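All remarks here apply to the structure that follows.
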Amino acid sequence: MQPRPPKKFHPHPFAYHQEIELRIDALSNLGIGLGRIDGWVVFVPFCLPGELVKARVFRNDKNCSNADLIEVLEESPDRTKPGCPLFGACGGCQYQHFTYESQLAWKTRQVGELLQHMAGIEFPVEPCIPSPQVWNYRSKITPHFDRPRDGVIEGIGFLPIGRRSGIIDVPQCPIAMAEINAALPRERESIRQRVKTYKKGATLLLRATEGRVETNPNAVVTEHVGELSFDFLAGDFFQNNPYILPAFTGHAGAEARAGGERFLVDAYCGSGLFALTLAKHFEQVAGVEVNESAADWARRNAETNGITNATFMAASAEAIFADIQFPAAETAVLIDPPRKGCSPEFLAQLIAFAPARVVYVSCDPATQVRDLAILKEGGFKLEKVQPFDLFPHTRHLECVMTLVR
Numbered sequence: 000m001q002p003r004p005p006k007k008f009h010p011h012p013f014a015y016h017q018e019i020e021l022r023i024d025a026l027s028n029l030g031i032g033l034g035r036i037d038g039w040v041v042f043v044p045f046c047l048p049g050e051l052v053k054a055r056v057f058r059n060d061k062n063c064s065n066a067d068l069i070e071v072l073e074e075s076p077d078r079t080k081p082g083c084p085l086f087g088a089c090g091g092c093q094y095q096h097f098t099y100e101s102q103l104a105w106k107t108r109q110v111g112e113l114l115q116h117m118a119g120i121e122f123p124v125e126p127c128i129p130s131p132q133v134w135n136y137r138s139k140i141t142p143h144f145d146r147p148r149d150g151v152i153e154g155i156g157f158l159p160i161g162r163r164s165g166i167i168d169v170p171q172c173p174i175a176m177a178e179i180n181a182a183l184p185r186e187r188e189s190i191r192q193r194v195k196t197y198k199k200g201a202t203l204l205l206r207a208t209e210g211r212v213e214t215n216p217n218a219v220v221t222e223h224v225g226e227l228s229f230d231f232l233a234g235d236f237f238q239n240n241p242y243i244l245p246a247f248t249g250h251a252g253a254e255a256r257a258g259g260e261r262f263l264v265d266a267y268c269g270s271g272l273f274a275l276t277l278a279k280h281f282e283q284v285a286g287v288e289v290n291e292s293a294a295d296w297a298r299r300n301a302e303t304n305g306i307t308n309a310t311f312m313a314a315s316a317e318a319i320f321a322d323i324q325f326p327a328a329e330t331a332v333l334i335d336p337p338r339k340g341c342s343p344e345f346l347a348q349l350i351a352f353a354p355a356r357v358v359y360v361s362c363d364p365a366t367q368v369r370d371l372a373i374l375k376e377g378g379f380k381l382e383k384v385q386p387f388d389l390f391p392h393t394r395h396l397e398c399v400m401t402l403v404r
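For the sequence shown, numbering that gives the first Met the number 0 begins at 0 and goes up steadily by one.
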């Protein structure tokens, strides 16, 4: 007997829980398998390109359907055994069933496809740079839990795959650093012992720093990148894969100075990661940050590392370049915005400032390509596209695009 469909289930082109067979052609930007039946797109998670699968439909939308994977009938040669027993349930990773070499190749391909489809740009994408450490690389995780029920905290972990509520209990996380996994049992037990102090759910912080784990978001922690050290608050943003940061910042520096530019503006400087690692290549560096606290940390980090040619200022979002005195023709601008990309106001200011080079670092190539189209209209030309795999076994990547006037 077929289960009763949900009230809002649309019955075309497939019945509720109808089982179908299809060939997977590609992966979506969420890491979900994409195939077609008579031209109709069906999304099936945990599949790989080239595989023939059996799936069970649970939703039909206006132009596609979604189905659960039942069985892989013909496996891809790129399929491998996941490194975590929770893979397929926990929403943290999407690619553990994918050999690492194939993950890199697919991420490279996806950046190229975004350039074509979103910006109409045919451009060669450099092969994605691998992480030197593929497991136990994350220096920070933030597991959470729902409010206690009958005096008991149940799961402590992450969201289930494809859902916005519920918790998958995660006693260990193989992409988190060894120090974090060593501390996890203690922190989980501590939470459960203090169950009476929680009236609602909460999020934990575990950040590895200099061989220990910090759980207080307001505590000062230290990260080392090459010869430099960076202090910041444990709860603040800092790139979470320290193993790849020397290559990542080194590439950004090489691109920023490739045209002989003498000055650098780091327009989203945070606590100074790029501004300070790149300072040795420029006569002067100016870091700009809308958050005064972050700018203050960048100043402290410059002093700690004995860097005297970098200054940091807090500026309003409407006047990022107002106090920059560098000649634009001899200046490179590095931008590393949040996932949502740059605001139209910022892009207008950047185009008006008209630096010789722009190095655009992004954790979301889709918003990066959206902004690239605007910068292209504003007089910039794409010169290089280099993805970096800061997040092995997940769909996420960092991409560095170099643009010139």
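All C-beta atoms in this analysis are idealised placements derived from N, C-alpha and C, irrespective of residue type, glycine included.
Just so we're clear, the structure is a prediction, and the values are computed from it rather than from any experiment.
C-alpha gap between residue i and residue j, whole angstroms
{"i": "V284", "j": "H11", "result": "59 Å"}
{"i": "A327", "j": "S130", "result": "34 Å"}
{"i": "I166", "j": "G156", "result": "6 Å"}
{"i": "L9", "j": "P241", "result": "Here residue 9 turns out to be His, not Leu, going by the sequence shown. Their backbone Cα atoms lie some 47 Å apart in a straight line."}
{"i": "G377", "j": "D388", "result": "29 Å"}
{"i": "I19", "j": "N62", "result": "17 Å"}
{"i": "I120", "j": "L371", "result": "10 Å"}
{"i": "V384", "j": "T196", "result": "49 Å"}
{"i": "G32", "j": "F97", "result": "12 Å"}
{"i": "T248", "j": "V224", "result": "9 Å"}
{"i": "I334", "j": "S164", "result": "33 Å"}
{"i": "V403", "j": "Q93", "result": "35 Å"}
{"i": "C127", "j": "Y359", "result": "16 Å"}
{"i": "R191", "j": "F237", "result": "29 Å"}
{"i": "I321", "j": "A297", "result": "The amino acid occupying residue 321 in the given sequence is Ala; Ile does not appear at that position. Those two C-alpha atoms are separated by around 19 Å."}
{"i": "E291", "j": "A313", "result": "5 Å"}
{"i": "Q132", "j": "I69", "result": "32 Å"}
{"i": "V169", "j": "E188", "result": "13 Å"}
{"i": "S64", "j": "P4", "result": "15 Å"}
{"i": "L381", "j": "E112", "result": "15 Å"}
Of the listed residues the options, nearest to residue i (C-alpha basis)
{"i": "K14", "options": "P2, R206 and G161", "result": "At residue 14 the sequence reads Ala, which differs from the Lys that was named. Looking at the Cα atoms, P2 is the closest of the given residues."}
{"i": "A218", "options": "R185, L204 and E112", "result": "L204"}
{"i": "V194", "options": "G150, I174, A182 and P184", "result": "G150"}
{"i": "D67", "options": "N300, R78, A88 and S315", "result": "A88"}
{"i": "V332", "options": "V287, A294, P216 and R206", "result": "V287"}
{"i": "V399", "options": "P159, H250, E344 and F345", "result": "H250"}
{"i": "A318", "options": "F345, E302 and A301", "result": "F345"}
{"i": "F144", "options": "D60, Y136, Q132 and P159", "result": "P159"}
{"i": "N239", "options": "A353, T208 and E254", "result": "T208"}
{"i": "E100", "options": "G90, S342, T79 and E397", "result": "T79"}
{"i": "G91", "options": "I140, F122, V110 and D60", "result": "I140"}
Integer-rounded CB distance, given that residue j should sit under 8 Å from residue i
{"i": "D235", "j": "T303", "result": "Between T303 and D235 the Cβ distance is about 16 Å, and since that is not below 8 Å, they are no contact."}
{"i": "R394", "j": "G30", "result": "4 Å"}
{"i": "V52", "j": "V71", "result": "5 Å"}
{"i": "A233", "j": "N215", "result": "6 Å"}
{"i": "S361", "j": "P336", "result": "7 Å"}
Short CB-CB distance (under 8 Å) between residue i and chain B
{"i": "I155", "result": "In summary, chain B is missing from the structure at hand, where a single protein chain is found."}
For the segment 19-29 against the segment 38-47, are there 3 or more C-beta pairs whose distance is under 8 Å? Remark: three or more beta-carbon pairs, one from each stretch, lie closer than 8 Å, so the segment 19-29 and the segment 38-47 are flagged as touching.
Three or more beta-carbon pairs under 8 Å between the segment 270-288 and the segment 304-311, yes or no? Look at the beta carbons and you see the segment 270-288 touching the segment 304-311: at least three pairs across the two are nearer than 8 Å.
Scan the segment 108-181 and note each continuous alpha helix (DSSP H) run of 4 residues or more that stays entirely inside, going in chain order. If we require 4 residues or more, the segment 108-181 turns out to have no alpha helix (DSSP H) run fully inside it.
Where in the segment 233-274 do unbroken runs of the alpha helix (DSSP H), each at least 4 residues long, occur, reported from the N-terminal end onward? Within the segment 233-274, the runs of alpha helix (DSSP H) that reach at least 4 residues and sit entirely inside it are, in chain order, 244-255.
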